[in-house]
Amino acid sequence: MLNGEKQIARPLRWGMVGGGRTGQVGYKHRTGALRDNTAYRLVAGAFDLDAERGRDFGTNLGIAEDRCYATYQELIAGEAERDDGVEVVSIATPNFTHFEITKACLEAGLHVICEKPLFFSVAECEEVAKIAEDKGLIVGVTYGFSGHPLVRQMAAMVEKGMLGEIRIVDMQYTHGFNSGDDVNAGEAVKWRTNPETAGPTFVLGDIGTHLHYLSEVVLPHLRIDKLLCDRKAFIPTREPLEDHATVLTHYDNGARGRLWVSSVNTGHMGSQRYRFVGSKASVEWSDAHPDQLMYEVQGEPPRTLHHGMPYLEEESLAIDRMGALHTEGLGDSWANIYLWIAQAIDAKRRGDEAFLKTHHYPGIAAGTEGVRWLENCVRSADAGATWVDYQ
Ligand code: NAD
Numbered sequence: 001m002l003n004g005e006k007q008i009a010r011p012l013r014w015g016m017v018g019g020g021r022t023g024q025v026g027y028k029h030r031t032g033a034l035r036d037n038t039a040y041r042l043v044a045g046a047f048d049l050d051a052e053r054g055r056d057f058g059t060n061l062g063i064a065e066d067r068c069y070a071t072y073q074e075l076i077a078g079e080a081e082r083d084d085g086v087e088v089v090s091i092a093t094p095n096f097t098h099f100e101i102t103k104a105c106l107e108a109g110l111h112v113i114c115e116k117p118l119f120f121s122v123a124e125c126e127e128v129a130k131i132a133e134d135k136g137l138i139v140g141v142t143y144g145f146s147g148h149p150l151v152r153q154m155a156a157m158v159e160k161g162m163l164g165e166i167r168i169v170d171m172q173y174t175h176g177f178n179s180g181d182d183v184n185a186g187e188a189v190k191w192r193t194n195p196e197t198a199g200p201t202f203v204l205g206d207i208g209t210h211l212h213y214l215s216e217v218v219l220p221h222l223r224i225d226k227l228l229c230d231r232k233a234f235i236p237t238r239e240p241l242e243d244h245a246t247v248l249t250h251y252d253n254g255a256r257g258r259l260w261v262s263s264v265n266t267g268h269m270g271s272q273r274y275r276f277v278g279s280k281a282s283v284e285w286s287d288a289h290p291d292q293l294m295y296e297v298q299g300e301p302p303r304t305l306h307h308g309m310p311y312l313e314e315e316s317l318a319i320d321r322m323g324a325l326h327t328e329g330l331g332d333s334w335a336n337i338y339l340w341i342a343q344a345i346d347a348k349r350r351g352d353e354a355f356l357k358t359h360h361y362p363g364i365a366a367g368t369e370g371v372r373w374l375e376n377c378v379r380s381a382d383a384g385a386t387w388v389d390y391q
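Numbering (full-length UniProt numbering) for the sequence shown: 1 to 391.
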């Protein structure tokens, strides 16, 4: 079980772009990065498009005033002049800014932790992957719940053959927060429903990429052969983007997948649900009850496994933070993701490529695969919801 003890030689000097006072996701980053006092120190930021509000916010977080910058360009330039400048920057800004800010940080020699969906196209991902490779830098991506111990439990059970051959992958991430129109919508909805600022998708990128990445973590041996995506905007002003989509998937082992993403599932607060069905048994996990994993063997009473219990697999227990009886949730999962990325950065600095080969964290490949999946979904949907070979 993790207890916040030192895992890398010293904490990384960390900065943030975006994630300011009004930002939705910024606090999740700080919750993740700062959970272990030994992994990151927040020393600088360009937190907000509104420079004054960003400075006020940064100083309220305890950051020196001269390290609360008006823009990301000033942050990069200002920190480069210091011996103790930032080493890694998190990007928690709207989608359309990710590519330019990531590139600028990498070119300045900084590691990056960027929000999903990573960029607008696979071509952009590949360009950034090349820069990171050439510069010897890490790019991490924050797929929130993928660091939860019961997600690792599902992955370990699949790997050990406890489910048998995987047959069905059933995933849902839905909520009802956009069931009404956008007449009085706030900034976070406005940029999400405009292709120029959101990219080629709304809910597929906003929440569907979480489902796709988590399925990759649990089922790393499966590849998508083909998919069919049907998308629709129930609120017409959101077109050509979608507020609802379903995706059918054929995997290379013959398994079938069904995925539903929606932000117009009126009244629903269940959020994410994953069910993996094998020839021997099934597992089901939902963030509505993140402490519990349903394990069902045909012909036997269903079992509810609890996080932190000694009957779980070692891979799950090793990353549990709270221990059984106490809730283990999203913040703990983010803390694991941030720690894994810190370990990757530390290994890169030490030139420990052997560690990096087996180390598991959401990196540039995971970010790229999320964007590749979106490109395939859009290709299918825009061709009238037809089956397309996965490219
Ligand atoms: P938001 O609109 O609520 O907040 C964006 C923040 O970035 C604001 O503080 C804004 O002032 C700031 N900002 C915008 N442009 C900036 C710039 N050029 N320089 C500095 N600051 C800038 O958006 P949000 O909902 O927090 O989403 C941000 C990103 O996080 C998106 O890519 C979104 O997809 C992602 N996100 C991920 C998760 C997750 O679970 N991983 C959850 C929510 C959002």
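Note that the Cβ used here is the ideal one computed from N, Cα and C, for glycine as well. Computed from a predicted model, the values in this text were never measured in an experiment.
Helix, strand or coil at residue i [DSSP, three-state]
i    : result
H98  : helix
L42  : strand
R303 : strand
A77  : helix
R55  : helix
T266 : coil
G147 : helix
Y173 : strand
L241 : coil
F276 : strand
E284 : strand
V217 : helix
S121 : coil
Neighbourhood of residue i by C-beta distance below 8 Å, restricted to the same chain and skipping five residues each side
i    : result
E313 : R152, Q153, A156, M157, K160
A198 : P94, N95, F96, W191, R192, G205, D206, L241
A344 : I138, G140, L356, H359, Y361, G363
T59  : E65, C68
Status (buried if at least 16 other CB within 10 Å, exposed otherwise) for residue i
i    : result
V122 : buried
D83  : exposed
Q24  : exposed
N253 : exposed
E126 : exposed
N265 : buried
L293 : buried
S279 : exposed
L325 : exposed
A342 : buried
H210 : buried
D134 : exposed
N376 : buried
T201 : buried
Y311 : exposed
Contacts around residue i, its chain only, beta-carbon distance under 6 Å, and the 5 residues preceding and following it disregarded
i    : result
S282 : E296
I131 : L106
S90  : M16, H29, I113
R273 : Q172, S286
G208 : V261
G257 : V169, T249
T71  : A46
D48  : G20, G54
F99  : F119, E124
Residue i and residue j closer than 9 Å at C-beta
i    : j    : result
V388 : R379 : yes
E115 : W14  : no
D50  : G20  : yes
L12  : A39  : yes
L317 : G331 : no
G4   : D36  : yes
I319 : L2   : yes
E328 : P149 : yes
heavy atom of the ligand SAH below 8 Å from residue i C-beta
i    : result
F234 : Inclusion of the ligand SAH in the displayed structure is not the case, the ligand content consisting of the ligand NAD alone.
7 Å Cβ shell around residue i - same chain, five flanking residues per side excluded
i    : result
V385 : Note that residue 385 is Ala in the sequence shown here, rather than Val. The answer, listed in chain order, is L228, C229, D230.
K103 : V128, I131
V189 : N178, D182
P195 : P240, L241
S271 : Y173, H175, D287, A288
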